[in-house]
Structure formats: structure tokens, C-alpha cells
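Q: What follows is a single structure, and I will ask about it in a moment.
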């Protein structure tokens with residue numbers, strides 16, 4: 061314990077260097093707490109404040125910061141080598157929606173029975189998905205066989221950044 065502390069008031073106004081006993085007396089008179097702000101300073105810095113109110117404000121700030129954070133989820137969309145055009149289009153529409161929401165997508169292609177002998181069909185389907193979404197995505201993991209499944213991971217691309225330079229380049233090329 062230091063014999064003296066640098067004291068600040070409730071509104072952060074400096075009250076000078078006072079003895080520890082004097083700081084405790086001032087805190088008792090003002091009906092507030094004496095809180096050590098910077099213990100490593102010489103002399104240590106203390107503030108007169110309502111500690112409960114201070115902790116409550118800190119919790120509110122932390123909760124607000126946490127609520128503003130976007131949690132990125134990984135959405136999984138499953139295909140089969142024989143997925144027909146109607147189902148394919150619906151699944152592709154869902155993938156686009158997930159990407160617009162800022163989520164990553166795990167595209168799983170499941171082989172059943174002897175379908176595993178025709179892996180080129182699976183690669184062609186995943187390549188078709190990749191080509192159709194080329195302007196929206198970044199491929200994080202290229203198609204990889206895991207047991208009887210072929211998996212590809214995609215994430216939302218930087219379409220807004222890429223769209224502005226091309227729009228600015230077009231008028232200058234026309235002039």
C-alpha cells in the first residue's frame with residue numbers, strides 16, 4: 061500500500077496527491093467508493109466513483125459491442141451426382157441467399173453405391189456451381205474427397221469492391 065495516491069473526482073477532475081487516509085475519508089464523505097485506476101503509477105492513481113454504477117456501464121458497453129458483432133455460420137448444402145436441374149436451381153438459390161447473408165457454405169456431394177466410380181461427374185457438378193457463382197464467391201477449399209463425400213468450402217466474395225473500379229473504368233474507356 062502506498063502512503064499517498066493521486067486522486068481524481070467522480071467527473072475525472074484532478075484533486076491532487078493526497079494521503080491514502082485522506083482519500084478514504086473523502087470517499088466516505090461523498091458516499092462513493094475509492095477505486096484504484098492505475099496501480100503501477102507513482103503515486104498510484106485512484107478515483108472517487110460509484111463502483112456498482114461503473115461496473116454496470118462497463119457491462120452495458122460489452123453487451124452492446126457483442127450484439128453488433130456478426131457471427132459467421134457455415135451452412136451446408138448437399139448434392140448428389142444425379143441432382144436434377146430443378147433441385148439444382150433451388151439449392152443454388154439457397155447458396156446465393158446464404159452468401160448474401162455473409163455466411164460461408166459447405167457444399168457436400170454424396171456418392172452412394174457405385175456412384176463413387178464416377179467421381180468426374182461430381183467434380184463437374186462442383187465446377188458448374190463454382191463457375192455459376194464465380195462473381196459472388198471465394199473458394200476456400202477446393203473439391204476434396206472425404207470418404208464417400210466430395211466437399212468444397214466457399215465464402216462470400218468481395219463483389220462490392222470489385223464492382224466499383226470496373227464501373228469507373230467503363231466511362232473513361234468510352235470517352
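In our numbering, the protein residues as written are 61 to 235.
The C-beta atom is built at its ideal place from N, Cα and C for all residues, glycine as well.
1. Helix, strand or coil for residue 114, going by three-state DSSP, please let me know.
2. With which residues is residue 139 paired in a DSSP beta bridge?
3. Using a Cβ distance threshold of 8 Å, determine whether the segment 154-166 contacts the segment 201-217, with at least three qualifying pairs required.
4. Three or more beta-carbon pairs under 8 Å between the segment 119-130 and the segment 96-111, yes or no?
5. Would you say residue 139 and residue 169 are within 8 Å of each other, going by their C-beta atoms?
6. Do residue 176 and residue 208 come within 8 Å of each other at the CB atom, strictly closer than that value?
7. Locate the alpha helix (DSSP H) running through residue 155, then write down its first and last residues.
8. Assuming residue 76 is part of the beta strand (DSSP E), what are its boundary residues?
9. Hey, would you say residue 106 sits closer than 8 Å to residue 83, going by beta carbons?
10. Does DSSP classify residue 189 as helix, strand or coil?
11. Excluding sequence positions up to five away, which residues of its chain have a Cβ less than 7 Å from the Cβ of residue 186?
12. So residue 199 packs on residue 190, CB below 8 Å; how close in whole Å?
13. For residue 86 and residue 66, I'd like the C-alpha separation in whole angstroms.
14. Please check the pair residue 95 and residue 111, which I expect to be a contact at CB under 8 Å, by giving their CB distance rounded to whole angstroms.
15. Would residue 165 and residue 131 qualify as a contact pair, given that the criterion is a beta-carbon distance under 8 Å?
16. Expressed to the nearest angstrom, what Euclidean distance is found between the alpha-carbon atoms of residue 93 and residue 108?
A: A quick look at the data gives this:
1. helix
2. 169
3. yes
4. no
5. With respect to the 8 Å criterion, residue 139 and residue 169 are classified as neighbours on the basis of their beta carbons.
6. yes
7. 145-160
8. From DSSP, the beta strand (DSSP E) with residue 76 extends over 74-79.
9. yes
10. Collapsing the DSSP output to three states places residue 189 in a helix.
11. Only residues of its own chain outside the window of five on either side were considered, and among them 167, 169, 203, 210, 212 have a CB closer than 7 Å to the CB of residue 186, listed in chain order.
12. 6 Å
13. 13 Å
14. 6 Å
15. no
16. 6 Å
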